[in-house]
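Working notes for the structure below.
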Amino acid sequence: GVANVLWACARLRYDLDTDLWTALVAQMTQQLSSCNSQDLGNSLWALATLGYRPRDDVLMMLSNDVRKKSKSFKPQELANSLWAFAIIGYHPGEEVLAAL
């Protein structure tokens, strides 16, 4: 899925052009309901690693999904997600932090 593509690009330090970023992030947001905590954590990690900051509405959707799935997060997925939010410069909100 999209999470694997983002993760692979980040591992390879492959610089995506703006159109491809936009398409991948749009696809990711459409698939949020089927993403598990690992997909979500890896996607956030990849975005931050490659220095891509999605729009605030997308970040809000991602952080809400982190909150909804917080009980299924493993420590590494949690660390990746929080690190990514910090690097991106986005505060996920008190509700998200309280859920974690």
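Under the working numbering, residue 219 is the last one in the sequence shown; the count climbs by one each step, no gaps.
Ideal placement from N, C-alpha and C gives every residue a C-beta, glycine not left out.
Can you say whether Leu139 is buried or exposed, counting buried as having 16 or more other CB atoms within 10 angstroms of its CB?
-> Indexing the sequence shown from 1 puts residue 139 at position 20. With fewer than 16 Cβ atoms within 10 Å of its Cβ, Leu139 is classed as exposed.
Cα-Cα, which of Trp126, Lys190, Arg132 and Met147 is closest to Pro173?
-> Taking the sequence shown and counting its residues from 1, the one referred to as residue 173 is at position 54. Ranking the options by Cα distance to Pro173, first place goes to Met147.
Ser189 and Ala218 closer than 8 Å at C-beta | As a first step, residue 189 is located in the sequence shown; it is residue number 70 there, counting from the start. As a first step, residue 218 is located in the sequence shown; it is residue number 99 there, counting from the start. Yes, Cβ-Cβ distance for Ser189 and Ala218 is below 8 Å.
Which of helix, strand or coil does DSSP assign to Asn155?
-> Within the sequence shown, numbered from 1, the residue matching residue 155 stands at position 36. Here Asn155 sits in coil by DSSP.
Please look up how many angstroms separate the CB atoms of Trp164 and Asn199, rounded, as I've assumed it's under 8 Å.
-> Here residue 164 corresponds to residue number 45 of the sequence shown, with the count starting at 1. Here residue 199 corresponds to residue number 80 of the sequence shown, with the count starting at 1. Going by Cβ atoms, the distance from Trp164 to Asn199 rounds to 4 Å, so yes, they are a contact pair.
Taking the alpha helix (DSSP H) that Lys187 falls in, what are its first and last residues?
-> Working through the sequence shown from its first residue, we reach residue 187 at position 68. Counting along the chain, the alpha helix (DSSP H) containing Lys187 begins and ends at Asp175 to Lys187.
Using three-state DSSP, classify Asp134 as helix, strand or coil.
-> Reading the sequence shown from its first residue, position 15 is the one you call residue 134. Asp134: coil per DSSP, three-state reduction.
Three-state secondary structure (DSSP) of Lys190 | For the purposes of this step, residue 190 is taken as residue 71 along the sequence shown, with counting starting at 1. Three-state result, Lys190: helix.
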